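Asker: Handing you a structure now.
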Amino acid sequence: MFDTSMQRIVRVIGHKNPDTDSICSAIAYSYLKNQISDEPHEPRRAGDISRETSFVLKHFGMRKPRLSVDAGPTISNIDIRQEEGIDGQMSMRAAWQRMMDRNVDTLCITDKNNNLRGLITLKDIANANMDVFGTDVLAKSNTSYRNLLEVLDGKMLVGDAEGRITTGHLLVGTSPEAMEELVHTGDIVMVTNRYEAQMCAIDCGAACIVVCMDSAVPPLLLKRAQQSGCNVVQTHYDTYAASRLISMAAPIEYFMLAADQLVTFNVNTPIDEAQKVMASLRHRYFPILDKEGFYCGMVSRRNLLNLHRKRVILVDHNEKSQAVDGLEEAQILEVIDHHRIGTLETSGPVYFRNEPVGCTATIIHSMFHEHNVEIPKNIAGLLLSAILSDTLMFHSPTCTLPDKAAAQELARIAGEDVEEYGIKMFEAGEDLTGKTPEDLLFTDFKEFSIGENNISVGQGFFMSRKAYEQADRMIESCMEEVLNHSPSDMIFYMLTSIPEQSTLLLFRGKGAKELVESAFDVRAEDGKALLKGVVSRKKQLIPPLREKLLA
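Going by the numbering used here, the sequence shown opens with residue 85, and the numbers climb by one from there.
Dropping the structure here:
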């Protein structure tokens, strides 16, 4: 059945197109929160990870977080009615009784592996019960004698309870004279204590006689029934009651609405999508399937009123444009970041921690110490990697003394040489084998809303000249196409050389050339401008652009 503990999980997630800091900080902060909180925290990612980040995770034996691209509520965020699936061989009478006991009007039929086979409603049972002319229903539905005994609260005097009813109609035996005309081979005949009527039904070829009111059945008749292949069932109900109940022995699978005709939802179906479907249909309950496609419960319109919003902690960003979709419908609990305070709004007060350091991981490193939680070797390695990545091995102007101090301590815990490990990490990240230009552009790509302008800025860091020049050609080939399909007015890409401590800025968009030239006092040609000493998007590129756009 559906695991309701998923509703309690707090998702720790970074920005779209995540970089190493975004991924590593999410993993490390989830670990810390799980040590100091009773609530489960789980790291998530808002996009594909880069090769640099893949190298880091593999190096320290960590799995990449699960992908979460939408924080909007889904079916999993409401109280699903966890009604167990029932066997399709259950009798209509037993299904009706189950509905009465559980106060539901819908049941789902599943197989032994919990695959959804169909659905039965109270209305279906009522319609079946009202069909008084369907006297061959037990034969058509291949009803088991086990169901017949259950419905009539009966005993099997002759025959096999595991057998099946395959022929005949339902009849009430009266006088032998009338029965000779009415009873045919294979019929099921309800009789009372009249010996002549019991014997006549057997002689007419009945497949089964139902002896009502617990009437005695002489041994001689039982022997005759056995010789004739006629089953004998005894019940305490009178003939009227038995005739009303007996058709309800039919299995529910005969009357159910088959799975291929049902409207179902998955636990990942967005709530707004489910609401639209429900509004167009008159069904009261809808089956729910889990992530693997197995039945896990039912949901009604009323359940949608009891919504548990996804709970999230944001790391390494606080701009709405950089956050996962549907964030406005989630409950933001915390924000841990080192960027400027952006456009994010929350429905209530949250824990907001923003420090002027070069990396979110530096803040999280401090929080481990504040809570007296020991940093494991692999978590230390992740935090170290994030700091080296965001500070360009301490060469970025965003780097601070706390970043350097944290990195040195984390390197000792992780057992790494800072210089040697950092070079390996950056070299892994600049490997362009098999990448498309779009892959490269969107690896670390952020959107910014500045006044009435929307701009997007990607960035890549390179140690070798060969990779740097190859990336230049690749990005240039796709920028115009990306801009044409982007909501941004201008797009930029920072081709940053770590050894040279400079950035070749590639740009497209109306007014982008004039903006770059005025913001950095450089000459731009062919959609490019060399920015010497500029390596930080946050501290060196965005502020001058913002100042000119808002002027």
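The beta carbon of each residue, even a glycine, is placed where N, CA and C say it ideally should be.
Model, not experiment: these values are computed from the prediction.
Need the endpoints of the alpha helix (DSSP H) that His453 sits in, please.
Answerer: Segment 444-454, the alpha helix (DSSP H) holding His453.
Asker: For Gly410 and Met547, I'd like the C-alpha separation in whole angstroms.
Answerer: Straight-line Cα distance between these residues: approximately 37 Å.
Asker: Let me check understanding here. Comparing Cα to Cα, which of Glu536, Leu341, Ser581 lies closest to Gly513?
Answerer: That would be Ser581, whose Cα lies nearest to the Cα of Gly513.
Asker: Could you tell me which residues DSSP pairs with Phe349 in its beta bridges?
Answerer: Note: Phe349 sits in a beta bridge opposite Ile372.
Asker: If I measure Cβ to Cβ from Val235 and keep anything under 6 Å in the same chain, skipping five residues before and after, which residues do I get?
Answerer: Hits under 6 Å: Ser175, Arg177, Leu329, Met332, Ala333.
Asker: Mind checking which residues open and close the alpha helix (DSSP H) that includes Val140?
Answerer: Its alpha helix (DSSP H) spans residues 135-143.
Asker: Report, in whole angstroms, the separation of the C-beta atoms of Phe48 and Ile626, which I expect to be a contact under 8 Å.
Answerer: Past the edges of the chain, shown from 85 to 635, lies residue 48, and the structure says nothing about it.
Asker: Taking DSSP as the reference, what is the three-state secondary structure of Arg424?
Answerer: Coil at Arg424, not helix or strand.
Asker: Report the rounded CA-to-CA distance for Met578 versus Leu588, giving the unit in angstroms.
Answerer: Looking at the two C-alpha atoms, the distance is approximately 6 Å.
Asker: By the 10 Å Cβ neighbour count, where 16 or more other Cβ atoms means buried, how is His569 classified, buried or exposed?
Answerer: Exposed, by the Cβ-count rule.
Asker: Answer yes or no: do Glu280 and Pro260 have a C-beta to C-beta separation smaller than 9 Å?
Answerer: Yes, the pair counts as a contact, with Cβ atoms nearer than the cut-off.
Asker: Return the bridge partner residues of Arg630 from the DSSP annotation.
Answerer: DSSP lists no partner for Arg630.
Asker: Using beta-carbon positions only, say whether Gly542 and Asp523 come within less than 9 Å of one another.
Answerer: Contact: no.
Asker: Tell me, please, whether the CB atom of Thr353 is closer than 9 Å to any CB atom in chain D?
Answerer: Looking for chain D here will not work: only one protein chain is present.
Asker: Quick one, which of Asp400, Thr158, Ile164, Ile209 has its alpha-carbon nearest Arg182's?
Answerer: Nearest of Asp400, Thr158, Ile164, Ile209 to Arg182, Cα basis: Ile209.
Asker: Would you identify the three-state DSSP class for Pro127, choosing helix, strand or coil?
Answerer: Strand, per DSSP.
Asker: Are the Cβ atoms of Val294 and Ala326 separated by less than 9 Å?
Answerer: Contact flag set, yes.
Asker: Which two residues bound the contiguous beta strand (DSSP E) that contains Arg95?
Answerer: Per DSSP, Arg95 belongs to the beta strand (DSSP E) from 94-97.
Asker: Which of the three DSSP states, helix, strand or coil, is assigned to Cys296?
Answerer: In this structure, Cys296 counts as coil in the three-state DSSP scheme.
Asker: Spell out a yes or no on whether the stretch 333-351 and the stretch 158-175 are touching, meaning 3 or more CB-CB pairs, one atom from each, closer than 8 Å.
Answerer: The stretch 333-351, when compared against the stretch 158-175, does touch it at the 8 Å Cβ threshold.
Asker: Looking at the structure shown, is Met146 part of a helix, part of a strand, or coil, going by DSSP?
Answerer: Residue state, collapsed to three classes: coil.
Asker: Quick check: Ser469 and His99, are their CB atoms within less than 9 Å of each other?
Answerer: Against a cut-off of 9 Å, the Cβ pair of His99 and Ser469 comes out as no contact.
Asker: Got a sec? Which residues, its chain only, sit under 8 Å from Thr484 by beta carbon, not counting five neighbours each side?
Answerer: Closer than 8 Å at the Cβ level, and outside the excluded window around Thr484, lie Pro440, Val441, Gly442, Thr446.
Asker: Could you check whether the stretch 127-146 touches the stretch 377-392, counting it as contact only if at least three pairs of C-beta atoms, one from each stretch, sit closer than 8 Å?
Answerer: Not touching, per the Cβ criterion.
Asker: Using the DSSP secondary-structure output, state which residues sit across from Cys380 in a beta bridge.
Answerer: In DSSP, Cys380 forms no bridge with anything.
Asker: Could you give the distance in angstroms between the alpha-carbon of Cys296 and the alpha-carbon of Asp237?
Answerer: About 11 Å.
Asker: I'd like the ranges of any alpha helix (DSSP H) spanning at least 4 consecutive residues and lying wholly in the stretch 304-339.
Answerer: The qualifying runs are 323-329.
Asker: What's the C-alpha gap between Ala613 and Arg630?
Answerer: Taking the straight line from one Cα to the other gives about 18 Å.
Asker: Which value, in whole angstroms, describes the spacing of the CA atoms of Glu403 and Ser138?
Answerer: Near 25 Å, if we compare the C-alpha coordinates of Ser138 and Glu403.
Asker: Do you know how far the Cα of Lys623 is from the Cα of Lys594?
Answerer: C-alpha separation (whole angstroms): 24 Å.
Asker: Counting Cβ pairs closer than 8 Å, one from the stretch 152-166 and one from the stretch 353-373, do we hit at least three?
Answerer: The answer is yes - the stretch 353-373 touches the stretch 152-166, with three or more Cβ pairs under 8 Å.
Asker: Quick check: the stretch 95-114 against the stretch 390-405, are there 3 or more CB pairs under 8 Å?
Answerer: Yes, since at least three Cβ pairs between the stretch 95-114 and the stretch 390-405 fall closer than 8 Å, the two stretches touch.
Asker: Leu166 by DSSP, collapsed to three states: which one?
Answerer: Checking the sequence shown, residue 166 turns out to be Gln, not Leu. Looking at Gln166 - three-state DSSP - the assignment turns out to be coil, as it is neither helix nor strand.
Asker: What is the rounded straight-line gap between the Cα of Arg677 and the Cα of Thr517?
Answerer: The first residue shown for the chain is 85 and the last is 635, placing residue 677 beyond what the model contains.
Asker: I think Leu241 touches Gln318, with their Cβ atoms under 8 Å apart; what is that distance to the nearest whole Å?
Answerer: That belief holds up - the Cβ atoms of Leu241 and Gln318 are roughly 5 Å apart, short of 8 Å.
Asker: Rounded to whole angstroms, what is the Cα-Cα separation between Ile193 and Met362?
Answerer: Cα-Cα distance, rounded: 21 Å.
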